[in-house]
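Numbering (the numbering used here), first residue to last: 2 to 68.
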């Protein structure tokens, strides 16, 4: 399942994203452009709200569609 994680590079968000990955989910990481994403690994979809493509993906998640 794809799950949006706001603040995925922060202390709490990173723990949530890792837990999701360990349980076979794909975290969709919402974060600032300047954030360090190295700890998230490759099993995560990245984006920021300034990107119209990312906003479309988030809207699809709300409707239950895969990105």
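Just so you know, even glycine gets a beta-carbon here, dropped at the ideal spot from N, CA and C. Since the model is a prediction, treat every value here as computed from it, not as a measurement.
Buried or exposed by the 16-neighbour rule on C-beta atoms within 10 Å, applied to residue i
i: residue 13; result: exposed
i: residue 9; result: buried
i: residue 7; result: exposed
For residue j and residue i, believed in contact at Cβ under 8 Å, the rounded distance
i: residue 31; j: residue 5; result: 6 Å
i: residue 29; j: residue 51; result: 15 Å between Cβ atoms; not a contact.
Residue span of the alpha helix (DSSP H) that contains residue i, given as start and end
i: residue 89; result: The structure shown does not extend to residue 89, since the chain spans only 2 to 68, so no value can be given for it.
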